[in-house]
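Each residue of the sequence shown is one higher than the one before, starting from 1 at the first, in full-length UniProt numbering.
What follows is a set of notes on a single structure, which appears directly below.
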Amino acid sequence: MAIQRSKGYSMFKAFNFIFMLIVVFVTLFPFLYMFAMSFSSNTAILQGKVFFLPVEFTIKPYLRILEQKDFWTGYRNTVLYTVTGTAVGLFMTTICAYPLSKKRLLGRGLLLKLIVFTMYFGGGLIPTYLLVNSLHMTDKIWALIIPGAISPYNMLIMKTFFEGIPQSLEEAAAIDGLNELGILIKIVMPLSKPILATISLFVAVWFWNDWFYPLIYINNNIRYPVTLFLRNVIMGSQMAAKNGQVMDSGASVVMPQSLQAATVMLVTIPILLVYPFIQKYFVQGMMIGSIKE
């Protein structure tokens, strides 16, 4: 039997639909605009014709960016920082979240309170820099990875997920002779693929997009990530000199806006390509890891 919908319900549904369309438009517009600008000609950009779609299609901005040695050096560094940081972060988060999910852990309540405390109160930028410098980690990869190896937020999500795994499975494994480490590796982790994928995505996106801490801790531009290359393009510092050299050689001029847009697209695309493959784990991990029955 068909369910009769009231007029108020229909209006509410229409309002929600329009509201969601506005949200989608506001969210996608910057990305679509940058995409269109990166493939548009100088004339179209100067005349303000670019909006959603490329005008007078060209790939010169991409060719100009891909010619830069610093871009490829930054890309290589970013991949290294992201892969290493994600592996270290996932390992540290897992080995900390698993014991905290056990109610029999001595001092568990105090430890959880201290962890939550760090979510609201940090040590500050200057003390952290002094600590990193005293450990002789400045201008090294570990200055970017170790201070942020564990996120309290990620660890609490993973702890909640571990608490949802049936205790009977772990008890059966213990009877079969597995110790705590064996239970974690052979029982818990295979059942935790959704939350592991979710945390991996969180950590990877953080390291991929991070530019502030490399700016603070990295002094040698050979070790700069691609985000600092993007920053220099947007700020107009590094690329200004390079464009001058290119123009002196007689090459065609590329608008700064096109270079900025092309660089943004090249930096963003890898994350967009990875997300669809782990989307199902991401959604499931967020739902299960955030709500405990």
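Yeah, the Cβ is synthetic: ideal placement off N, Cα and C, and Gly gets one too.
Exercise. Residue range of the alpha helix (DSSP H) that G74 falls in?
Worked result: 69 to 100
Problem set entry | Beta-carbon contacts of S252 that lie in its chain and below 6 Å, excluding the five residues immediately before and after | In this prediction, S252 scores a pLDDT of 49, lower than 50, which makes its location untrustworthy; no coordinate-derived value is stated.
Exercise. Using 8 Å as the Cβ pair cut-off and three pairs as the minimum, do the region 180 to 192 and the region 105 to 112 touch?
Worked result: As far as the Cβ criterion goes, the region 180 to 192 does not touch the region 105 to 112, which means the pair count is below three.
For this session: Please confirm whether L196 and L90 have their CB atoms less than 8 Å apart.
Result: yes
Exercise. DSSP three-state call for K113: helix, strand or coil?
Worked result: Helix at K113.
Problem set entry | Residue closest to L53, alpha-carbon to alpha-carbon, out of L63, F29, Y62 | Closest option to L53, judged by alpha-carbon separation, among L63, F29, Y62: F29.
Problem set entry | Where I126 falls, given that 16 or more other Cβ within 10 Å makes a residue buried | Counting the other Cβ atoms within 10 Å of the Cβ of I126 gives fewer than 16, which makes it exposed.
For this session: Pick out whichever of T268, V205, L201, L230 has its Cα sitting closest to the Cα of L215.
Result: L230
Exercise. Going by C-alpha distance, which of N16, F17, L80 is nearest Y224?
Worked result: Answer by Cα proximity: L80.
For this session: Figure out for me which residue from T138, V274, G177 has the closest Cα to the Cα of N219.
Result: T138
Problem set entry | Sequence-distant residues of its chain with Cβ nearer than 6 Å to D70 (five each side left out) | F229
For this session: Taking only the alpha-carbon atoms, compute the straight-line gap between Q245 and R64 and give it to the nearest angstrom.
Result: Note on Q245: pLDDT 45, under 50, position unreliable in the model; no value is reported.
Exercise. Is the beta carbon of T86 less than 8 Å from the beta carbon of S192?
Worked result: no
Problem set entry | 8 Å contact criterion, which I45 and Q257 should meet: CB distance rounded | Rounded to whole angstroms, the Cβ separation of I45 and Q257 is 6 Å, and the two are in contact under 8 Å.
Exercise. Taking the alpha-carbon positions, what's the I291 to S41 distance?
Worked result: Low confidence applies to I291: its pLDDT is 46, below 50, so where it sits in the model is not reliable enough to give any reading.
Exercise. What does a CB cutoff of less than 8 Å around L32 pick up in its chain, not counting 5 residues either side in sequence?
Worked result: F52
Exercise. How is M20 classed by DSSP in three states: helix, strand or coil?
Worked result: helix
Exercise. For the putative contact between P152 and V205, defined by C-beta atoms under 8 Å, what is the C-beta separation to the nearest angstrom?
Worked result: Contact between P152 and V205 does not hold, since their C-beta atoms are separated by about 17 Å, which reaches or exceeds 8 Å.
Problem set entry | Delimiting residues of the alpha helix (DSSP H) encompassing G182 | Where G182 is concerned, the enclosing alpha helix (DSSP H) stretches over 180 to 183.
Problem set entry | Assumed close pair Y75, V226 - CB separation to whole angstroms, cut-off 8 Å | 5 Å
Problem set entry | Classification of S168 by the beta-carbon crowding that lies within 10 angstroms, buried from 16 upward | Counting Cβ neighbours within 10 Å, S168 comes out exposed, since fewer than 16 surround it.
For this session: Please report how far the alpha carbon of Y9 lies from the alpha carbon of F35, in whole angstroms.
Result: 38 Å
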